[in-house]
Amino acid sequence: MTERPDHTAELENLVGSAAGPPQLAPHAVNEAMIRHWVEAMGDTNAAYVSNEAAQALGLAGVIAPPTMLQAWIMRGLRATVEVEAARASGRPAGDTATDRMMTLLDDEGFTSVVATNCDQSYARPLVLGDRVVVSSVIEAVSSVKKTGLGTGRFITTRLDFAAVSAQTVGSDPDPTEIFGRGEPVATMRFRILKFAPAAVAQHKGAQTLVAESIPPALRPRPAITQDIAYFFEGARQHKLLIQRCAACGTLRHPPLPACGLCRSFAWDTIEASGRGEVFSFVVVHHPQVPGFEYPLPIGLIELEEGTRIVADLIGVEGSEVRVGMPVMVEFIEYDEELTLPAFRPRPEGAT
Amino acid sequence: MTTHSFAGTVAITGIGATEFSKASGRSELHLATEAVDLALRDAGIEPAEVEGMVTYSTDTNPDIDIARSLGIGELKFFSRIHYGGGAAGGTIQQAALAVAHGVADVVVCYRAFNERSGFRFGAGIQDRPPVANAENAHFAFYAPFGLLTPAQWVAMAAARYLHMSGATSEDLGRVSVADRRHAATNPKAWFYDKPITLADHQSSRWIVEPLHLLDCCQETDGGQALVVTSLERARDLENPPAVVRAAAQGSGANQDMMTSYYRDDLCGLPEMTVVARQLFETAGLSPDDMQAAILYDHFTPYVLYQLEELGFCRRGEAKDFIADGNIELGGRLPINTHGGQLGEGYLHGMNGIAEGVRLVRGTSVNQVHGLEHVVVTAGTGVPTSGLILGVDR
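If you're matching them up, the sequences are chains X and H in order.
Yeah, the first sequence ends on 351 if you go by this note's numbering, and it's all consecutive.
Yeah, the second sequence ends on 393 if you go by this note's numbering, and it's all consecutive.
Structure below.
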């Protein structure tokens, strides 16, 4: 595997920077765009199209659908195509912090992008005649994460939306000045994953396209009690922890509150070496649930410390797995919350 | 030496079931009520005489709703048993205890669900945020890794068993073929008149290697009920009593729910050893005294385990016992004469108890002639239960 350039320091310098200058909506909040939007979305709330309906709810008149927030400041298809074409050719269209960040991420090999989260909070509804202006800040750039889609970094941008009366906006408006005097109306946090597609995705062109346009489905969440939390916290730190009785030293997995041998409730953990052997395994074909790739080989791994653990087998086809096969742990960060151990075959005797 | 004082003093005197289908078109409560109604009619006992009701903790049908619906008045005993299909024989044990100790003279045991058209157990646990309690936390070590369904949980143990015993997928398939042959002559079976060959089994699609589709039982909508009373009372009723010679529950050492992967080997069901020991000691009988067996068959591998645990063959030799035709009609130990859950329907083991009753009465469509005793087991891979039913002699 070739070494990737590491731009961590430069990326960290960009955190807190304005993503770019404030952007002014091309048009005031208006009935035509609202109507197109609610029809496209299938939203039948009459308060978005009828003054009478809005007034029946105690509003002054029609309001814009709150989740339409970003639509008012979108740059449009043509500009997007131009920006993406420039980036692909290695000539960034501008020199904003966002442009610099994207160039750094592209250089690290994280050329694909997928939107993962969008959270909005609203101070007041937008009404007809509001002119929206937005200012954006790069709020966070994560360390390099291994995800189900591929390795990459999560980028969080905060967009602060303000509005002024359209009548106060002249013919040659200064968005910075308008943002300065605007009334805050909403905040949005937008998180993307910039990633290098996993090797398997690169072989399947169509699937890569799908992966770039659809957020990855999450794996089932574990229910975590106080008794078992250490295991998942350890996994997030890429440590495979085994519960140990603090009195008699017996290792146990799955975890329990007390030791079945000596009845002690005192316990701590040890970090496993990560080496083990396949004690048994299955290859799952059905049902196929979101969050997994099938056929899915899953192993019951006997760790060299003596306990066993169920985990996915990676880097091996189901047909190649054998009972007794030596394996080594790796950790996969599926999403912000969930990191799990998985086991890859290791050459006999390898450490 | 285990002795259960209720053994031999209590009988199953009524059985009743709805049709077994893929879409019942009615509520689970309706199915449960129908099954209880039919079982009481079969027994010749009036609803007002029922004093106790027992079902599974996984059953969604309140005993009190059934009681109101059928005109059952006061109840003095009600109980629910945990661990899915492992509860089947436990319902009869608890009913027998209540009857033998004078707590309730007539107890109805029931189980009903729309397991195909409603909530399907095999659908997989998906992206639901589970409540953090110990029962859910158990799955934290399986579900996030993609080990999500009963078939998958069983397959992990079965793969080890196949590796150690030398049994093959074809050996598993012979269980399915036998069950389906028995179902083919049972008009109540979903797979009536639809036997399969070993080649059909082998060519059926993978569900989870090493299990093919035809290693997995059906998903069924239906209800089944059983009426328990004293042997003395049963003798005055029309049906020949199915005497409860023994009824036992069992959880083994180092027991887990479906994933007992941390025992020294994965080639046994220690919980079934606990059940078998109690059954044979209490009844004063041995495996040689059984002329048939109803073995819980949600997935084929655990049928092999059970033949070994119950002492019908030695460890690792179930494959040979099966290959010799012993589990078929006319063999040493015909199993699942109704077709089992692979062939008749998946009623969480309760339809198997009903078949045990029919065998004792002599009314099975695949009757084993001269039968005196039949052993019936409950859900495997979980804390479980079992019965020995016998003719009244």
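Even glycine gets a Cβ: it sits at the ideal position worked out from N, Cα and C.
Beta-bridge partners of residue i, as assigned by DSSP
i: F281 of chain X; result: X:G299
i: K145 of chain X; result: X:G152
i: E271 of chain X; result: X:L241
i: S79 of chain H; result: H:V54
i: P334 of chain H; result: Answer is none; P334 of chain H lacks a bridge partner.
i: F331 of chain X; result: X:P341
i: W206 of chain H; result: H:H212
i: N117 of chain X; result: X:R191
i: R252 of chain X; result: X:Q243
i: Y122 of chain X; result: X:A186
i: I309 of chain X; result: X:I301
i: T157 of chain X; result: X:I138 and X:F190
i: F113 of chain H; result: H:G222
Residue of the options minimising C-alpha distance to residue i
i: H286 of chain X; options: H:H212, H:A87, H:Y262 and H:G250; result: H:H212
i: R116 of chain H; options: H:T384, H:L347 and H:R358; result: H:L347
i: K188 of chain H; options: H:P210, H:A354, H:C109 and H:W153; result: H:A354
i: V15 of chain X; options: X:M102, X:V62 and X:V29; result: X:M102
i: T2 of chain H; options: H:G250, H:D297, H:L279 and H:P334; result: H:L279
i: V391 of chain H; options: H:L359, H:A378 and H:P383; result: H:L359
i: I92 of chain H; options: H:D265, H:S286 and H:T13; result: H:T13
i: M290 of chain H; options: H:L371, H:A178 and H:Y305; result: H:L371
i: F77 of chain H; options: H:L304, H:G85 and H:A67; result: H:A67
i: G268 of chain H; options: H:I335, H:T377 and H:E308; result: H:E308
i: N239 of chain H; options: H:A247, H:Y302, H:V227 and H:G345; result: H:V227
i: L300 of chain H; options: H:Y161, H:S24, H:G250 and H:S251; result: At residue 300 of chain H the sequence reads Thr, which differs from the Leu that was named. Comparing Cα-Cα distances from T300 of chain H to each of H:Y161, H:S24, H:G250 and H:S251, the minimum goes to H:Y161.
i: V282 of chain X; options: H:T149, H:A112, H:G102 and H:S69; result: H:T149
i: Y294 of chain X; options: X:V278, X:G306 and X:I314; result: X:I314
i: Y264 of chain X; options: X:G274, X:A272 and X:Q243; result: This sequence places Ser at residue 264 of chain X; Tyr is not what is there. Considering only alpha carbons, the answer is X:Q243.
Partner residues on chain H for residue i, Cβ-Cβ distance less than 8 Å
i: G318 of chain X; result: E209
i: R236 of chain X; result: Chain H residues near R236 of chain X: none, gap ~13 Å exceeds 8 Å.
i: F281 of chain X; result: M156 and A159
i: D227 of chain X; result: A134 and A137
i: L340 of chain X; result: P144 and F145
i: I298 of chain X; result: F145, G146, L147, Q152 and M156
i: F292 of chain X; result: G146
Residue span of the alpha helix (DSSP H) that contains residue i, given as start and end
i: R68 of chain H; result: D63 to L70
i: N351 of chain H; result: M350 to R361
i: N239 of chain H; result: Segment: none, N239 of chain H is in no alpha helix (DSSP H) and carries neither H nor E.
i: G173 of chain H; result: S169 to A183
i: Y305 of chain H; result: P301 to E309
i: R87 of chain X; result: L77 to A88
i: T103 of chain X; result: A97 to D107
i: I314 of chain X; result: Taken as a continuous stretch (DSSP letters only), I314 of chain X belongs to no alpha helix (DSSP H), as it is neither H nor E.
i: T111 of chain X; result: Counting along the chain, T111 of chain X falls outside any alpha helix (DSSP H), and DSSP gives it neither H nor E.
i: I322 of chain H; result: A318 to A323
i: V99 of chain H; result: A88 to A100
i: I34 of chain X; result: E31 to M41
The beta strand (DSSP E) enclosing residue i, as first and last residue numbers
i: G379 of chain H; result: It is not in any beta strand (DSSP E) - G379 of chain H carries neither H nor E in the DSSP assignment.
i: Q226 of chain X; result: Neither: Q226 of chain X is in no beta strand (DSSP E) and is coded neither H nor E.
i: M53 of chain H; result: G52 to Y56
i: V185 of chain X; result: E183 to P197
i: G223 of chain H; result: D221 to S230
i: V10 of chain H; result: V10 to A17
Neighbouring residues, chain X, relative to residue i (Cβ below 8 Å)
i: V346 of chain H; result: For the sequence presented, residue 346 of chain H should be read as Tyr rather than Val. Going along chain X, no residue has its Cβ under 8 Å from Y346 of chain H, so there is no contact; the nearest lies around 17 Å.
i: H163 of chain H; result: S280 and V323
i: V36 of chain H; result: Those do not exist, as V36 of chain H stays about 33 Å from chain X at its closest Cβ, beyond 8 Å.
i: A11 of chain H; result: What A11 of chain H touches in chain X: nothing, since even the nearest Cβ is about 40 Å away.
i: M123 of chain H; result: According to the sequence displayed, residue 123 of chain H carries Ala and not Met. Chain X residues near A123 of chain H: P287.
Cross-chain neighbours of residue i in chain X, by beta carbon under 9 Å
i: G223 of chain H; result: Here the premise fails: no neighbours, minimum Cβ distance about 26 Å.
i: T149 of chain H; result: V284, H286 and P287
Neighbouring residues, chain X, relative to residue i (Cβ below 7 Å)
i: V131 of chain H; result: A223
Interface residues of chain H facing residue i [CB-CB closer than 9 Å]
i: R308 of chain X; result: Y261 and Y262
C-beta neighbour in chain B for residue i, strict 8 Å
i: A88 of chain X; result: Going by chain labels, chain B is absent from the structure shown, which instead holds the protein chains X and H.
7 Å Cβ cut-off: residues of chain H touching residue i
i: P254 of chain X; result: F141
i: D312 of chain X; result: F145 and G146
i: R219 of chain X; result: P144
heavy atom of the ligand HEM below 7 Å from residue i C-beta
i: A342 of chain X; result: This structure lacks the ligand HEM; in fact it carries no ligand of any kind.
Q. Using a Cβ cut-off of 9 Å, which residues of the segment 140 to 168 of chain X contact any Cβ in chain H, in chain order?
A. none
(Q) Along the segment 169 to 189 of chain H, where does the CB come closer than 8 Å to a CB of chain X? Name the residues. (A) none
Q) Between the segment 342 to 368 of chain H and chain X, which residues of the former have a C-beta closer than 8 Å to a C-beta of the latter? A) none
Q: Taking a Cβ distance cut-off of 9 Å, strictly less, list which residues of the segment 263 to 288 of chain H are near chain X, in chain order.
A: L266
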